[in-house]
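One structure below.
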Ligand SMILES: [Zn+2]
């Protein structure tokens, strides 16, 4: 007999996902909004051609379905079809990566999508939390955390949009690597870096620095980027990275992917190792409220784990 202890999780999640964050396309006001994907589908197809596990399947395995199909992988609803096609056209074409003159545009497009997806995810999380028992301080802390992030990230979206309009303004690259193998994991996202994690993020503290990461496995190679719009943070991180070996750099990025990003994907049948359940104990997030386990993550970016 199969029993389910999911309670009302599924209902709350479905309600939250279907509530609209915008009534029309953020860029052109067309009312027909489509499902945009964070990781481009041609990238996802390089790690699997059928089904995926995302961060939610790993970290909330007791709540979420076992896998998701490509049409549901990393979706957000904020743009119309035309804008979705146009806004990310440089980075969604693998031919553009070999030409260094495209780099600034590639980083802006990745960051713009990361920030839109983050805003959508925060919206869904706040909707879900509004159904939880607010007499618990952990729930109130999570609501305050997400509300602060929501405002800070709205500023970030505006700032990236301004950068897209201005060729003089660019992101600062901390690390870029082209691996000559395909990693089993695809990921992209942004996370807030400079704030006091002990006292949490406050609504008044809108100016925070963000780090963007992208792990984009193509056929037979993988593009990795880490970058920020904060020049002093980029100098600090670059100096630190220069002291690390290549393997240590990949290990650091791998840990950031698992502990900080929502959008990472594996093939649903990936069985190279027992895939982990993790959570970041310092962040008062929805996932950490629901899942208390923490274990170390293998370095899936190392050649040892490459896709065959
Ligand atoms: Zn539009």
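Numbering (the working numbering), first residue to last: 19 to 326. Cβ coordinates follow ideal geometry from the N, Cα and C atoms, glycine included. Values in this document were obtained by computation on a predicted structure and should not be read as measured data.
For residue 46, verify whether its CB is less than 7 Å away from any heavy atom of ligand 1.
For this step, residue 46 is matched to residue 28 along the chain shown. Flag set: Cβ of residue 46 near ligand 1.
Residues near residue 200 by beta carbon distance below 8 Å, same chain, minus five either side:
The residue given as residue 200 occupies position 182 in the chain shown. The residues are 64, 65, 235, 236, 237, 238, 239, 240, 324, 325.
Verify the contact flag: residue 64, CB atom, against every heavy atom of ligand 1, threshold strictly below 7 Å.
Mapped onto the chain shown, residue 64 falls at position 46. Not under cutoff, so the answer is no.
Taking the beta carbon of residue 53 as the centre, do at least 16 other beta carbons fall within 10 Å, making it buried, or is it exposed?
For the purposes of this step, residue 53 is identified with residue 35 of the chain shown, where counting begins at 1. Flag for residue 53 reads exposed.
Thinking C-beta only, is residue 245 closer than 8 Å to residue 189?
What you label residue 189 is simply residue 171 of the chain shown in a count that begins at 1. What you label residue 245 is simply residue 227 of the chain shown in a count that begins at 1. Result yes, Cβ atoms of residue 189 and residue 245 sit closer than 8 Å.
Grouping DSSP H, G and I as helix and E and B as strand, with all else coil, what is residue 190?
Position 172 of the chain shown, counted from the start, is the residue given in the question as residue 190. Of the three classes helix, strand and coil, the one that applies to residue 190 here is strand, per DSSP.
Are the region 131-149 and the region 92-111 in contact at 8 Å, needing three or more beta carbon pairs?
yes
What does a CB cutoff of less than 8 Å around residue 265 pick up in its chain, not counting 5 residues either side in sequence?
In the chain shown, the residue the question calls residue 265 occupies position 247. Taken in chain order, the residues that qualify are 317, 320.
Cα-Cα, which of 40, 284, 194, 287 is closest to residue 115?
Position 97 of the chain shown, counted from the first residue, corresponds to residue 115. Nearest C-alpha to residue 115: 194.
Helix or strand or just coil, what does DSSP make of residue 55?
In the chain shown, residue 55 corresponds to position 37, counting from 1. Strand, per DSSP.
Should the region 29-37 be regarded as contacting the region 142-150, the criterion being three or more beta carbon pairs within less than 8 Å?
yes
Nonlocal neighbours in the same chain, by C-beta distance under 7 Å from residue 37, ignoring five residues either side
Mapped onto the chain shown, residue 37 falls at position 19. Correct list, in chain order: 145.
Is residue 211 helix, strand or coil when you go by DSSP?
As a first step, residue 211 is located in the chain shown; it is residue number 193 there, counting from the start. Here residue 211 sits in coil by DSSP.
For residue 111, which option in 228, 57, 203 has the closest C-alpha, if you only look at C-alpha atoms?
The residue labelled residue 111 in the question sits at position 93 within the chain shown. Selected option, being the one with the closest Cα: 57.
Please report the straight-line C-alpha distance between residue 262 and residue 253, rounded to a whole angstrom.
Position 244 of the chain shown, counted from the start, is the residue given in the question as residue 262. Position 235 of the chain shown, counted from the start, is the residue given in the question as residue 253. Those two C-alpha atoms are separated by around 15 Å.
Nonlocal neighbours in the same chain, by C-beta distance under 7 Å from residue 123, ignoring five residues either side:
Here residue 123 refers to the residue found at position 105 of the chain shown. Excluding residues within five positions, the ones whose Cβ falls inside 7 Å are 108.
On the three-state DSSP scale, how would you describe residue 316?
Translated into positions along the chain shown, residue 316 becomes position 298. The answer is coil: DSSP assigns residue 316 none of H, G, I, E or B.
Answer with buried or exposed for residue 337, where buried requires no fewer than 16 other C-beta atoms within 10 angstroms of its C-beta.
Residue 337 falls outside the range modelled here, since the chain spans only 19 to 326, and no answer is possible.
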